[in-house]
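Residue 18 in the working numbering is what sits at position 18 of the sequence shown, and the numbering runs on without skipping anything. The C-beta atom is built at its ideal place from N, Cα and C for all residues, glycine as well. This structure is a prediction, so every number in the text was calculated from the model and none was measured.
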Amino acid sequence: MNASMRGTSRQYWVAVRAMLVMTAALGIVYPLVMTGIGQLTMPAQANGSRISAAGIDGGAVVGSSLIGQSFTTAKGAPLPQWFQSRPSAANYDADASTGSNLGPNNPDLVKAIDQRKATIEKLDGVTAAQVPADAVTASASGLDPDISPAYALLQVRAVAAKRGLSESVVKKLVESMIQPRDLGYLGEPTVNVLQLNLALAQLDPNGNG
1 MNASMRGTSR QYWVAVRAML VMTAALGIVY PLVMTGIGQL TMPAQANGSR
51 ISAAGIDGGA VVGSSLIGQS FTTAKGAPLP QWFQSRPSAA NYDADASTGS
101 NLGPNNPDLV KAIDQRKATI EKLDGVTAAQ VPADAVTASA SGLDPDISPA
151 YALLQVRAVA AKRGLSESVV KKLVESMIQP RDLGYLGEPT VNVLQLNLAL
201 AQLDPNGNG
């Protein structure tokens, strides 16, 4: 009986020691090592790819290059002095990241796209045929920070007029913000809307930032 109890006790202690070792290794050592590697090799990404704005509260963080923001009124109307992001099924709430989950022929999606096209036609003074797909469709996450160069350039005239800038100045800014395909062939060229709007806010009428 005593031998059996001693054997059971040893097994328990082996299990406890294994649990403590694994807890320390996986719960403390591993996270610290990964955090250290991240801070050494990719500090910006490891800290959330945060974006600071010059001249705002001493360069306060205003967002992340990985998470989109809306540039609209409290009621959802686009602010014409800013470049607009893609539509978002989650209203750019990172805690509620989602797509619409509506099929391409769903009447609700078709109606939403038609309404978005009408808004853009009025805001940017263009025809429905000129509106690119990303301007009227939400991303799968609802948090896409980028738009296509075509959509950014489509907004140049309206933004320039609202800010009293020449179209050539604003167009040049957009073109300077275009990011190429990853590795030269993956994905499509993009424009980060938050970074574009921050650069826009720094422009003077002569195009100097």
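The alpha helix (DSSP H) runs of length 4 or more contained entirely in the region 25-109 are, from start to end of the chain, 30-41 and 43-46. According to the DSSP secondary-structure assignment, N197 is paired through a beta bridge with no residue. Just measuring C-alpha positions, the residue of V61, S65, T137 and N91 sitting nearest T73 is N91. Under DSSP, D114 takes part in no beta bridge, so it has no partner.
CA-to-CA, the gap between R157 and M34 works out to about 47 Å.
The C-beta of R181 has fewer than 16 other C-beta atoms within 10 Å across all chains shown, which makes the residue exposed. Per the C-alpha coordinates, the member of S64, L173, M22 and T137 positioned closest to P104 is T137. Between the alpha carbons of W13 and L20 lies a distance of about 10 Å. When only Cα atoms are considered, K172 and Q84 end up about 17 Å apart.
Rounded to the nearest angstrom, the gap between the Cα atoms of G125 and K75 is 22 Å. Apart from the 5 residues on each side of it in sequence, S148 sits with its Cβ closer than 6 Å to the Cβ of P132 and D134 in its chain, given in chain order. Distance from the CA of D146 to the CA of A24, rounded to the nearest whole angstrom, comes to 40 Å. One Cα belongs to W82, the other to L165, and the distance between them is close to 13 Å. DSSP places T190 within a strand segment (E or B) once states are collapsed to three. Burial is judged here by how many other beta carbons sit within 10 angstroms of a residue's own beta carbon; Y185 has fewer than 16 and is exposed. Sixteen is the threshold: since fewer than 16 other Cβ atoms of the shown chains lie within 10 Å of the Cβ of T41, the residue is exposed. Boundaries of the alpha helix (DSSP H) around S168: E167 to M177.
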